[in-house]
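In this note's numbering, the protein residues as written are 159 to 577.
Think of the CB as a built atom: it goes at the ideal place given N, C-alpha and C, for glycine as much as any other residue.
Structure, as structure tokens:
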């Protein structure tokens, strides 16, 4: 029976960290497998996808472009961090490396006649409603992806340097000329996220089947698959159904070391518990300030996307400028609240806190409850009076460095406990 180790990863992560993690985790493996298209992502493949499923394919290209700044900053390559790591180990250890994924872009290129007809109808309707912005946005998305893909073929570092000028320039051109096709963008993103959700189980089955067949053909006893975290539980189930023995799984943590789970227990593929060091309460004010600035940066994107989505919905349903602005306000507030409550209730860490090594915990050190996260969020506007001056003063004068929201919820912000 084939023994399979599943290495989960966050696609955008520190390059050196992921290489080090995979190097240790894959010790003893006879072959490496990667969640990457068997035939790569070529221009003909993308062309077929655009011809057979234009809306979803445009969504896929848009998602790819949105990922590229993170890839450039962290991975320093156009592919996910785990693929970078696998390729490096392949070269250094001379270990066989096989891509095994049936990628979404390939699946779109094989869409049924019915889906193709439906996608073209949707695209043509959007084009008819707003031909100029729709055509301009579609052209810029395809052109931007093509230009950056060609840049990567020249050299990896040339691509890294080109990413930000191309993306910023594209955004500036569309926005300055009032050519942003919001309707196409939102419909395309909705279509591709639906497709990803609907095909993930199929892709898991295909990857496990290809690994099993390759191991049987080559006589490999132990294999290691690198994949995105979202695939871990599904791959474990698919492996069990195929008779492949999952001996270990690596559950990743962004920017920090992950956890090794022995055996195949899908229920364990959850959120990693982050413990706080209560002795550091009251000694993290500077870190909290840095974390807040990071979170503000992330929130500017979250509120813009959420607000624009609701604004578009309000305009389409009601058809007035008042509905447009009301929708934007409602969406922005909901996005703002969902960010704080969602991240803190899930792991006690927003993006800013994760970057600065902080975590929110209950007063006794236990994990934050959803109620605590809601209370903290409801009182953020009070803490934020005069640019968070009130919250800062209260924190500096309080035991444990608690702001008003912390006092109400009975929480502490502390450093992450060192393992």
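Taking every protein chain shown into account, the CB of residue 335 has fewer than 16 other CB atoms within 10 angstroms, so this residue is exposed. Distance from the CA of residue 510 to the CA of residue 275, rounded to the nearest whole angstrom, comes to 44 Å. Under the rule that a run must span 3 or more residues, the beta strand (DSSP E) segments found entirely inside the stretch 348-395 read 380-386. The shortest C-alpha to C-alpha distance from residue 442 to any of 465, 433, 560, 485 is the one to 560. Residue range 562-567 is occupied by the alpha helix (DSSP H) that includes residue 564. If you check the CB distance, residue 177 and residue 228 do not come in under 7 Å.
Secondary-structure assignment with DSSP links residue 307 through no beta bridge to anything. As a beta-bridge residue in DSSP terms, residue 166 pairs with 385. Scanning the stretch 469-511 from its first residue to its last, the whole alpha helix (DSSP H) runs of 4-plus residues come out as 479-505. Sixteen is the threshold: when 16 or more other Cβ atoms of the shown chains lie within 10 Å of the Cβ of residue 501, as they do, the residue is buried. Closest option to residue 226, judged by alpha-carbon separation, among 326, 532, 515, 487: 326.
In the structure shown, residue 520 adopts extended strand secondary structure according to DSSP, grouped into three states. In the three-state scheme derived from DSSP, where H, G and I count as helix and E and B as strand, residue 186 is classed as coil.
Of the other Cβ atoms in all chains shown, 16 or more fall within 10 Å of the Cβ of residue 179; this residue is therefore buried. Under the DSSP definition of a beta bridge, residue 407 partners with 164, 419. Annotation: the continuous alpha helix (DSSP H) that includes residue 212 extends over 212-228. The C-alpha of residue 265 lies about 8 Å from the C-alpha of residue 207. Below 8 Å, too few C-beta pairs join the stretch 445-464 and the stretch 517-536 to call them touching: fewer than three. In the structure shown, residue 202 adopts helical secondary structure according to DSSP, grouped into three states. For residue 259, the enclosing beta strand (DSSP E) starts and ends at 255-259. Annotated three-state conformation of residue 250 is helix, per DSSP. In the three-state reduction of the DSSP assignment, residue 437 falls in the helix class. Separation of residue 438 and residue 318 (C-alpha to C-alpha, rounded to the nearest whole angstrom) is 39 Å. In this structure, the alpha-carbon of residue 347 lies about 12 Å from that of residue 339. If you look at residue 238, you'll find it isn't in any alpha helix (DSSP H); DSSP assigns it neither H nor E. Looking at the backbone, the Cα of residue 515 and that of residue 490 are separated by about 27 Å. Scanning its chain for C-beta atoms nearer than 7 Å, with the 5 sequence neighbours on each side dropped, one finds around residue 397 the residues 162, 366, 404, 422, in chain order. In the structure shown, the three-state DSSP call for residue 574 is strand. Separation of residue 199 and residue 558 (C-alpha to C-alpha, rounded to the nearest whole angstrom) is 52 Å. Secondary structure at residue 277: helix, using DSSP grouped into helix, strand and coil. Burial is judged here by how many other beta carbons sit within 10 angstroms of a residue's own beta carbon; residue 196 has fewer than 16 and is exposed.
Assigned with DSSP and collapsed to three states, residue 442 falls in coil, not helix or strand. With 16 or more neighbouring CB atoms inside 10 Å of its own CB, residue 247 falls in the buried class. Relative to residue 537, the option among 524, 568, 507, 286 whose CA is nearest is 568.
For residue 314, the enclosing alpha helix (DSSP H) stretches over residues 314-334.
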